[in-house]
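K.L.:
There's a structure below that I have some questions on.
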Amino acid sequence: MSHKIEKLHGTKYCPNDEITITAGATEAIYSTIAAFVKEDDEVIIFTPAYDCYDPTIRLHGGKTIFVQLHTPDYSVDWEHVKKVVTHKTKMIIFNTPHNPTGSVWTQKDLKELEKLVKGSDIIVLSDEVYEHIIYDGVAHQSVCKYPDLAAQTMAVFSFGKTFHVTGWKMGYVVGPQALMKEFRKVHQFNVFSCNTPSQLAIAEYLEDENKYNELPNFYQEKRDLFLSAVAGSKFEPLSCQGTYFQLLSYKNICDEKDTDFAIRMTKEFGLASIPISVFYNSHLDEKVLRFCFAKGKETLERAGEILLRL
Ligand SMILES: Cc1ncc(COP(=O)(O)O)c(C=O)c1O
4 MSHKIEKLHG TKYCPNDEIT ITAGATEAIY STIAAFVKED DEVIIFTPAY DCYDPTIRLH
64 GGKTIFVQLH TPDYSVDWEH VKKVVTHKTK MIIFNTPHNP TGSVWTQKDL KELEKLVKGS
124 DIIVLSDEVY EHIIYDGVAH QSVCKYPDLA AQTMAVFSFG KTFHVTGWKM GYVVGPQALM
184 KEFRKVHQFN VFSCNTPSQL AIAEYLEDEN KYNELPNFYQ EKRDLFLSAV AGSKFEPLSC
244 QGTYFQLLSY KNICDEKDTD FAIRMTKEFG LASIPISVFY NSHLDEKVLR FCFAKGKETL
304 ERAGEILLRL
């Protein structure tokens, strides 16, 4: 992992003290929050958000501060973020490429974050599990490219996403030695270690860089196929530059609650999606559904046929 990160982003992490293999990114996120967030600490997250951050923060006595991303491109309002940072802010969690929206952070976003936390004790948790699933020639802005920011960041990655083996529960976290030492105090009594056969298999597979460098083309083809399959339907695609999720707005079709519409589509048409309101603590209903396009050609075409009929 050390070589891979150095080659891709130019930062060297020491395998002994600065990298830990985890039971998926899920355990890396859980153990990072458990290691640093205490009673009454505030943690800033951006919504809509992947669902494990907020419950883990609350489980450890922390208070989640939700910052709404701007629709329709789900960008960050940095002036707003600056206003919610207080002396109680312990951690900022961000995720790029972003689940559920498929938006990606730019160099400017990383620079803004770097400026914001510089000189403070705030710890950053950077969730980069979709680092290799990114499109349209856009470059993934890993925190590892920004040495000042990386000096106070735990960055989380997932082999499950990169190699499509989510059930193997294999991921890793990288961060400066002092933070990693605290992380390992939790990791040790959480899982102790991660299963060796999977680690050996992944280590061998990783030797061929094409296995991850070719992923943008592989998934972009699927995204484009799905988009062309829904072209001409009443659904409106939102911009998706990363992850394997495409958001579709159905505001031109009906004003049914997104949860009800998603359930109805699954039951009546056999097409499953996730309503975006479930990724908001406020359950904000923007009439948008998330579709996973990490599927075979036939499935994507069949999904398109169903969506065209609605
Ligand atoms: C944004 C994000 N972070 C973390 C995870 C968890 O990854 P893992 O399967 O490696 O535990 C997921 C899985 O869906 C995710 O979408």
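Residues in the sequence shown are numbered consecutively from 4, following our numbering. Cβ coordinates follow ideal geometry from the N, Cα and C atoms, glycine included. Everything numeric in this text was worked out from a predicted model, so none of it was measured.
How far does the beta strand (DSSP E) with Y175 in it extend, from its first residue to its last?
P.N.:
Here the beta strand (DSSP E) through Y175 covers G174 to V177.
K.L.:
Report yes if the C-beta distance between V146 and M94 is below 8 Å; otherwise report no.
P.N.:
No.
K.L.:
Pull up the distance between the alpha-carbon of I277 and that of L313, whole angstroms please.
P.N.:
I277 and L313: Cα-Cα distance of roughly 17 Å.
K.L.:
According to the Cβ coordinates, are Q249 and F229 closer than 8 Å?
P.N.:
Their beta carbons are under 8 Å apart, which means Q249 touches F229 by this criterion.
K.L.:
Grab me the residues of K225's own chain with a C-beta within less than 6 Å of its C-beta, minus the 5 sequence neighbours each way, in chain order.
P.N.:
So the list reads F296, once near-sequence residues are dropped.
K.L.:
Between M157 and C257, what straight-line distance do the alpha-carbon atoms span, to the nearest angstrom?
P.N.:
Roughly 42 Å separates the two Cα atoms.
K.L.:
Can G27 be considered in contact with ligand 1, in the sense that its beta carbon sits closer than 7 Å to one or more heavy atoms?
P.N.:
Correct: G27 has its Cβ closer than 7 Å to ligand 1.
K.L.:
Does the pairing of the region 161 to 168 with the region 251 to 265 give three or more beta-carbon distances under 8 Å?
P.N.:
As far as the Cβ criterion goes, the region 161 to 168 does not touch the region 251 to 265, which means the pair count is below three.
K.L.:
Is any heavy atom in ligand 1 found nearer than 7 Å to the beta carbon of L10?
P.N.:
Note on identity: in this sequence residue 10 is Lys, with Leu being the wrong assignment. Result no, Cβ not under 7 Å from ligand 1.
K.L.:
Out of V233, M183 and T59, which one is the CA nearest neighbour of E42?
P.N.:
Out of V233, M183 and T59, T59 has the C-alpha closest to the C-alpha of E42.
K.L.:
N102 to K290, Cα distance in whole Å?
P.N.:
Each residue's Cα considered, the two are about 17 Å apart.
K.L.:
Could you tell me whether any non-hydrogen atom of ligand 1 is closer than 7 Å to the CB of T67?
P.N.:
Flag unset: Cβ of T67 not near ligand 1.
K.L.:
Taking just the CA atoms, how far does T67 sit from D44?
P.N.:
Roughly 9 Å separates the two Cα atoms.
K.L.:
Could you pull out every unbroken beta strand (DSSP E) segment of at least 3 residues lying fully inside the region 283 to 307, listed in chain order?
P.N.:
If we require 3 residues or more, the beta strand (DSSP E) runs fully inside the region 283 to 307 come out as 291 to 295.
K.L.:
Cα-Cα, which of N98, S236 and I48 is closest to L246?
P.N.:
The displayed chain sequence assigns Thr, not Leu, to residue 246. Ranking the options by Cα distance to T246, first place goes to N98.
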